[in-house]
Amino acid sequence: MFQKFDHTQFPPSEKPVLVWDGDCGFCKYWVTRWKKITHGKITFQTYQDVAHQFEDIPLKEFKKASRLITAEGTVHSGPDSAYMSYYIANRNSPWHNWYRKYSWFQRLSDHGYNYIAKHRSFFFKLTKAMLGGDSTSFKHYWAMYLFGIAVLLFLLFKYL
Numbered sequence: 002m003f004q005k006f007d008h009t010q011f012p013p014s015e016k017p018v019l020v021w022d023g024d025c026g027f028c029k030y031w032v033t034r035w036k037k038i039t040h041g042k043i044t045f046q047t048y049q050d051v052a053h054q055f056e057d058i059p060l061k062e063f064k065k066a067s068r069l070i071t072a073e074g075t076v077h078s079g080p081d082s083a084y085m086s087y088y089i090a091n092r093n094s095p096w097h098n099w100y101r102k103y104s105w106f107q108r109l110s111d112h113g114y115n116y117i118a119k120h121r122s123f124f125f126k127l128t129k130a131m132l133g134g135d136s137t138s139f140k141h142y143w144a145m146y147l148f149g150i151a152v153l154l155f156l157l158f159k160y161l
């Protein structure tokens with residue numbers, strides 16, 4: 002499981018920075034999506050390029066989870082880095098507030114994030130199969146799959 006940090010003594014100078022794993026295709030897919038959604042309100046940097054700037058966060062922890070670091074030095078880790086980035090982009094997004102308010106949601110998010118992080122290549126393939134290869138323009142293939150399964154089940158039950 003990734004370690005959480007509340008604060009860093011080395012905050013970015015201007016806007017929040019989301020630090021992510023530049024060697025991870027799954028991460029790159031979603032960062033590309035977040036860049037579009039956040040409209041320049043967040044800087045996105047790989048830990049390979051900027052981890053040395055945050056001396057009080059061990060490199061091994063950047064390898065385990067993304068970190069959103071605000072200009073005030075607040076650090077949001079793992080799923081909350083994603084939730085907070087959505088909140089920065091749209092103050093009506095409830096995810097960050099739920100993560101802070103509900104312990105069950107926090108535990109579920111942390112365990113889900115950790116599981117996905119340990120199986121990134123599988124979830125990258127699944128993401129592309131369900132949403133398409135272009136993260137800036139989702140194709141909702143999952144709806145077609147669901148429709149196909151429903152038709153198959155209908156035919157199966159009809160002719161059994």
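Taking my numbering, I'd label the letters of the sequence shown as residues 2 to 161. All residues carry an ideal CB built from backbone N, CA and C; glycine is no exception.
In this structure, what does DSSP give as the bridge partners for residue 68? Sequence index remark: in the sequence shown, residue 68 carries index 67 (1-based). Residue 68 is bridged to 20 and 78.
For residue 162, which of 63, 44, 34 and 39 has the nearest alpha-carbon? Residue 162 lies beyond the range of the chain shown here (2 to 161); nothing can be said about it.
Using a Cβ distance threshold of 8 Å, determine whether the region 136–149 contacts the region 32–45, with at least three qualifying pairs required. Flag = yes, the region 136–149 and the region 32–45 touch.
Does the region 45–55 come into contact with the region 121–129, if we say contact requires no fewer than three beta-carbon pairs (one atom in each stretch) closer than 8 Å? As far as the Cβ criterion goes, the region 45–55 does not touch the region 121–129, which means the pair count is below three.
Option nearest residue 28 by Cα separation, candidates 70, 47, 10 and 145: Mapped onto the sequence shown, residue 28 falls at position 27. Looking only at 70, 47, 10 and 145, the smallest Cα-Cα distance to residue 28 is reached by 47.
Rounding to the nearest angstrom, what Cα-Cα distance links residue 81 and residue 153 in this structure? Position 80 of the sequence shown, counted from the start, is the residue given in the question as residue 81. Position 152 of the sequence shown, counted from the start, is the residue given in the question as residue 153. C-alpha separation (whole angstroms): 39 Å.
Buried or exposed for residue 69, going by 16 or more other Cβ atoms inside 10 Å? Working through the sequence shown from its first residue, we reach residue 69 at position 68. Residue 69 sits buried, since 16 or more C-beta atoms from the chains shown fall within 10 Å of its C-beta.
Pull up the DSSP beta-bridge partners for residue 46, would you. In the sequence shown, the residue the question calls residue 46 occupies position 45. Answer by DSSP bridge pairing, in chain order: 20.
Rounded to whole angstroms, what is the Cα-Cα separation between residue 1 and residue 115? Residue 1 lies beyond the stretch modelled for the chain, which goes from 2 to 161, so this question has no answer here.
Measure the CB-CB distance between residue 44 and residue 18 and report whether it falls below 9 Å. As a first step, residue 44 must be located in the sequence shown, where it is residue number 43. As a first step, residue 18 must be located in the sequence shown, where it is residue number 17. Result yes, Cβ atoms of residue 44 and residue 18 sit closer than 9 Å.
Suppose contacts are defined by Cβ-Cβ distances below 9 Å. Is residue 83 in contact with residue 31 by that definition? Numbered from 1 along the sequence shown, position 82 holds the residue referred to as residue 83. Numbered from 1 along the sequence shown, position 30 holds the residue referred to as residue 31. Between residue 83 and residue 31, the gap from beta carbon to beta carbon is short of 9 Å.
Spatial neighbours of residue 4 in its chain, beta-carbon cut-off 7 Å, leaving aside the 5 residues before and after: By one-based count along the sequence shown, residue 4 stands at place 3. Taken in chain order, the residues that qualify are 62.
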